[in-house]
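Chemist:
Number of protein chains: 2
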Amino acid sequence: MLDHVPEKSDIIDATRRISGYVHHTPMLTSGQINHIAGCSLYFKCENFQKIGAFKARGAVNATLSLREDQRKNGIATHSSGNHAQALAYAGSIVGVKSYIVMPANAPKIKIEAVRGYGAEIIFCEPTLESRESSLQKVVEDTSAFFIHPYNNYSVIAGQATSAFEIFQVKNDLDYVITPVGGGGLLSGTLLSRNYFSPGTKVIAGEPSGADDAYRSLIEGRILPSINPDTIADGLLTSLGDKTFKIMHENIEEIIVVSDAEIIDAMKLLWERMKIIVEPSGAVPFAALLRKKENFKGKQVGIILSGGNVDLKKNYFNM
Amino acid sequence: MLDHVPEKSDIIDATRRISGYVHHTPMLTSGQINHIAGCSLYFKCENFQKIGAFKARGAVNATLSLREDQRKNGIATHSSGNHAQALAYAGSIVGVKSYIVMPANAPKIKIEAVRGYGAEIIFCEPTLESRESSLQKVVEDTSAFFIHPYNNYSVIAGQATSAFEIFQVKNDLDYVITPVGGGGLLSGTLLSRNYFSPGTKVIAGEPSGADDAYRSLIEGRILPSINPDTIADGLLTSLGDKTFKIMHENIEEIIVVSDAEIIDAMKLLWERMKIIVEPSGAVPFAALLRKKENFKGKQVGIILSGGNVDLKKNYFNM
């Protein structure tokens, strides 16, 4: 497990380590979408990733980076979202038990998906305090190794492999845009940019109902995400000290978008590209559309971070 | 324009003719779906095709096959669905006017898509009689060349290119399954199978609410589709004499599925593969799931014929 900001070689190592367990996701383009956006877009499809989101990269990299004696009692985390599935999947790969603390009100479909990988679920109250105390108890009881969803250098190195794959085939992009929640994907992307495509600017999209990263960067310190309220349910968390430091030192800009803009962007992706992208995954494209004029004629990579949606919800008729 | 059942060389010619105007669509696989289905599935993604459906293949092939003097006054058809967009697209490619007869109650989104390609739309009543008489008037007034949605050998040769692409990379499939509406895709697939992968069995899926092809094959003559009622709105039409003859001589089996089975199959594709498939496009997968035991351990190609859906409809919460 890395104890330092991932270096170039750590990201290359992570790519090798996780290959065979995660997909080298395709990069798709669409003439229709380029026409609407007024620029050339390259969509990195992490919605097609194992467990339906980029989180598989970080969880698998961190789990495979543990020594045998570190992981022999299992791995643990708290998450109601994609990291829960990702860690359960990672545990199934190495054949160790995974303990996932989830709020009791998590969607049934996510609970079943986590169980599907053979994880043990520990239910808690839907508060950060309850999550953390439940996790602490699990770790004390089982000696499982805690893998944080984003504030962990091996997780960050894993998430960095998505942008690394982009730069391997396309290293003349003007911009790459990612979403930002806890900052794992964003900080990994920033590091990959520094090492593999220094001429590319990295921008993040963030929902206005959970704009703690935007405000934190202005203040120069981590402001917590308090009562976040957005349709982009993968981006509710606060930043960590490790992700914040990397972001603070490297990022160009955060573009804040409304839920209505997220839904419009998501609808375009579903309708024109015929692919399912979750609200959080549509945030970077929404950010681009909001500041279209800034990207006119440019080449822009966009990480579609995930595709796990509740199909019973009708996002487009609300 | 072909005046005979497409031969092997006609399908190869069609593939060359349309390349550059239509996509060589990807073939996708999914471990999760294979697990559910109990066999190895190869999904040919015509939902990613130009205009969002395989219909672009036939319309472009037919239009490009016309002599200059045949198409100089434009091209015409009647369709409320994907063939309308496909022919409008084909007209835009060769730079001739397209006249599309559409029922006045066609979905606004489809009307706009057809207009987006610069076609002239002629509205009619939502009956077959009105469609045909309106079309006849258009052809008399403009001398445009009528291109039938399916009962046309050049259209059939165009639709055959999808299965040809499958067999170019995978010629040891046990089965290929397509949907059947008017029979253009199915008869093209049967011909490609005969020429390029004779060991493969071809099966069609058909909705129970529009099972005229199933009944026609039993009777040995074309029975019209009367008051069809199914969520698979691309499969409402009756067979043509050209498509029926090819089907009658070559097909293995038609599997009839209910609307509930179509929605279940569609949900699996959206949820697990993160791709948008329209109800008609999910019919072959629904057919496979209905007779799962027949396909156990087999290699099966499935043509996902299109991805044009109305996202305001909530298919999964009805």
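One line per chain: the protein sequences are F and S, in this order.
Here the first sequence stands for residues 0 to 317, numbered as in numbering that gives the first Met the number 0.
Here the second sequence stands for residues 0 to 317, numbered as in numbering that gives the first Met the number 0.
Where is the CB? At the ideal position from N, CA and C, for every residue including glycine.
1) For the segment 245–270 of chain S, which residues have a beta carbon sitting closer than 9 Å to at least one beta carbon of chain F?
2) DSSP on H77(S), reduced to helix/strand/coil?
3) Could you check whether N60(S) and I17(S) sit closer than 8 Å to each other, using their CB atoms as the reference points?
4) Which of the three DSSP states, helix, strand or coil, is assigned to V276(S)?
5) Would N313(S) count as contacting chain F if we go by Cβ distances under 8 Å?
6) Starting from I275(S), find everything on chain F with Cβ-Cβ shorter than 9 Å and list it in chain order.
7) Give me the chain S residues within the contact set of L310(F), using Cβ-Cβ distance strictly less than 9 Å, ordered along the chain.
8) By the 10 Å Cβ neighbour count, where 16 or more other Cβ atoms means buried, how is K49(F) classified, buried or exposed?
9) Determine the extent of the alpha helix (DSSP H) in which V154(S) is found, giving its start and end residues.
10) Got a sec, what are the start and stop residues for the alpha helix (DSSP H) M246(S) sits in?
11) So which of S129(F), R192(F), G94(F) has the shortest CA-CA distance to N104(F)?
12) Name, please, each residue of chain S whose Cβ falls closer than 8 Å to the Cβ of N46(F).
13) Identify whether G90(F) lies in helix, strand or coil by the three-state DSSP scheme.
14) May I ask you to list the residues that DSSP assigns as paired with I120(F)?
15) Are the beta-carbon atoms of N313(S) and N307(F) separated by less than 8 Å?
16) Can you list, in chain order, the residues of the segment 44–77 of chain S whose Cβ is nearer than 7 Å to any Cβ on chain F?
17) From E6(S) to F166(S), what distance separates their C-alpha atoms?
18) Measure the alpha-carbon distance for D12(F) versus L65(F) and round it to whole angstroms.
19) Check whether the Cβ of G306(S) lies closer than 8 Å to any Cβ atom in chain F.
20) Does the segment 168–178 of chain S come close enough to the segment 189–209 of chain S to have 3 or more Cβ pairs within less than 8 Å?
21) Give a yes or no on contact between the segment 252–268 of chain S and the segment 286–295 of chain S, applying the rule of three or more CB pairs nearer than 8 Å.
22) I'd like to know if the segment 261–271 of chain F and the segment 175–186 of chain F are in contact, where contact means that at least 3 CB-CB pairs between them fall below 8 Å.
23) Note down the Cα distance separating A83(F) from S142(F), rounded to an integer number of angstroms.
24) Compare the beta carbon distance of A89(S) and T62(S) with 8 Å and say whether it is the shorter of the two.
25) Report the option in R56(S), F122(S), N150(S) whose CA atom is closest to the CA atom of I92(S).
26) Between G37(S), S133(S), L134(S), P206(S), which lies nearest to D258(S) when the distance is taken from Cα to Cα?
27) Which value, in whole angstroms, describes the spacing of the CA atoms of V201(S) and T177(S)?
28) Am I right that I146(F) and I120(F) are in contact with their C-beta atoms under 8 Å? What's the rounded C-beta distance?
29) Out of Q135(F), F284(F), A36(F), K297(F), which has the shortest C-alpha to C-alpha gap to C44(F)?
30) Tell me which same chain residues have a C-beta within less than 7 Å of the C-beta of K54(S), skipping the five on either side of it?
31) For my contact list, A281(F) and L268(F) are in at a C-beta cut-off of 8 Å; report their separation, rounded to the angstrom.
32) Please report the residue range of the alpha helix (DSSP H) in which Y213(S) lies.
33) Name the residue from A156(F), N150(F), S191(F) whose alpha carbon lies nearest to the alpha carbon of G180(F).
34) With a floor of 3 residues, list each beta strand (DSSP E) that falls wholly inside the segment 281–310 of chain F, ordered by position along the chain.
Modeler: On the basis of the data shown:
1) Using a CB distance below 9 Å, the part of the segment 245–270 of chain S facing chain F consists of K266, W269, E270, ordered along the chain.
2) Within the second sequence, numbered from 1, the residue matching residue 77(S) stands at position 78. The three-state secondary structure of H77(S), taken from DSSP, is strand.
3) Stepping through the second sequence from its first residue, residue 17(S) is reached at position 18. Stepping through the second sequence from its first residue, residue 60(S) is reached at position 61. Result yes, Cβ atoms of I17(S) and N60(S) sit closer than 8 Å.
4) Your numbering for residue 276(S) matches position 277 in the second sequence. For V276(S), the secondary structure class from DSSP, reduced to helix, strand or coil, is coil.
5) What you label residue 313(S) is simply residue 314 of the second sequence in a count that begins at 1. N313(S) counts as touching chain F.
6) Reading the second sequence from its first residue, position 276 is the one you call residue 275(S). For I275(S), the C-beta contacts it makes with chain F under 9 Å involve W269, E270, M272, K273, I274, I275, in order along the chain.
7) On the first sequence, residue 310(F) is found 311 positions in, with the first residue counted as 1. Near L310(F) (Cβ distances below 9 Å), the residues of chain S are K266, W269, E270, N313, Y314, F315, N316.
8) Within the first sequence, numbered from 1, the residue matching residue 49(F) stands at position 50. Looking at its Cβ environment, which holds 16 or more other Cβ atoms inside 10 Å, K49(F) is buried.
9) Residue numbering aside, residue 154(S) sits at position 155 when the second sequence is read from its first letter. Counting along the chain, V154(S) sits inside the alpha helix (DSSP H) bounded by residues 152–168.
10) For the purposes of this step, residue 246(S) is taken as the residue at position 247 of the second sequence. That run of the alpha helix (DSSP H) goes 240–249.
11) In the first sequence, residue 104(F) corresponds to position 105, counting from 1. Nearest of S129(F), R192(F), G94(F) to N104(F), Cα basis: S129(F).
12) Taking the first residue of the first sequence as 1, we reach residue 46(F) at position 47. Near N46(F) (Cβ distances below 8 Å), the residues of chain S are K273.
13) Here residue 90(F) refers to the residue found at position 91 of the first sequence. Helix at G90(F).
14) As a position in the first sequence, residue 120(F) is number 121, starting the count at 1. Listed as beta-bridge partners of I120(F) by DSSP are I99(F).
15) On the second sequence, residue 313(S) is found 314 positions in, with the first residue counted as 1. On the first sequence, residue 307(F) is found 308 positions in, with the first residue counted as 1. Cβ distance not < 8 Å, so N313(S) and N307(F) don't count as in contact.
16) So the close ones are N46, F47, G51.
17) Counting from one through the second sequence, the residue named residue 6(S) turns up at place 7. Counting from one through the second sequence, the residue named residue 166(S) turns up at place 167. Their Cα atoms are separated by approximately 16 Å.
18) In the first sequence, the residue the question calls residue 12(F) occupies position 13. In the first sequence, the residue the question calls residue 65(F) occupies position 66. Straight-line spacing of the CA atoms in D12(F) and L65(F) works out to 14 Å.
19) Against the second sequence, residue 306(S) aligns to sequence position 307. By the rule that beta-carbons nearer than 8 Å mark a contact, G306(S) touches chain F.
20) Between the segment 168–178 of chain S and the segment 189–209 of chain S there are three or more inter-stretch CB-CB distances shorter than 8 Å, so the stretches are counted as touching.
21) Verdict: yes, contact present.
22) Contact between the segment 261–271 of chain F and the segment 175–186 of chain F is absent, because fewer than three Cβ pairs lie under 8 Å.
23) If you number the first sequence from 1, residue 83(F) lands on position 84. If you number the first sequence from 1, residue 142(F) lands on position 143. Taking the straight line joining both Cα atoms gives about 18 Å.
24) For this step, residue 89(S) is matched to residue 90 along the second sequence. For this step, residue 62(S) is matched to residue 63 along the second sequence. In contact: A89(S) and T62(S) (Cβ atoms closer than 8 Å).
25) Here residue 92(S) is taken as the residue at index 93 of the second sequence, counted from 1. I92(S) has its Cα closest to that of R56(S), out of R56(S), F122(S), N150(S).
26) Stepping through the second sequence from its first residue, residue 258(S) is reached at position 259. The candidate whose alpha carbon is nearest that of D258(S) is P206(S).
27) Start at 1 with the first residue of the second sequence, and residue 201(S) comes out as number 202. Start at 1 with the first residue of the second sequence, and residue 177(S) comes out as number 178. Cα to Cα, V201(S) sits roughly 8 Å from T177(S).
28) As a first step, residue 146(F) must be located in the first sequence, where it is residue number 147. As a first step, residue 120(F) must be located in the first sequence, where it is residue number 121. Under the criterion of beta carbons closer than 8 Å, I146(F) and I120(F) do not qualify as touching, at roughly 16 Å.
29) In the first sequence, the residue the question calls residue 44(F) occupies position 45. Out of Q135(F), F284(F), A36(F), K297(F), F284(F) has the C-alpha closest to the C-alpha of C44(F).
30) As a position in the second sequence, residue 54(S) is number 55, starting the count at 1. If the five residues before and after K54(S) are omitted, its C-beta is found closer than 7 Å to the C-beta atoms of N81, H82, A85, all from its own chain and listed in chain order.
31) Against the first sequence, residue 281(F) aligns to sequence position 282. Against the first sequence, residue 268(F) aligns to sequence position 269. The C-beta separation of A281(F) from L268(F) comes to about 6 Å, placing the pair in contact by the 8 Å criterion.
32) Here residue 213(S) corresponds to residue number 214 of the second sequence, with the count starting at 1. Taken as a continuous stretch (DSSP letters only), the alpha helix (DSSP H) holding Y213(S) covers 211–218.
33) Residue 180(F) sits at position 181 when you count from the first residue of the first sequence. That would be N150(F), whose Cα lies nearest to the Cα of G180(F).
34) As far as the segment 281–310 of chain F is concerned, its whole beta strand (DSSP E) runs of at least 3 residues are 298–303.
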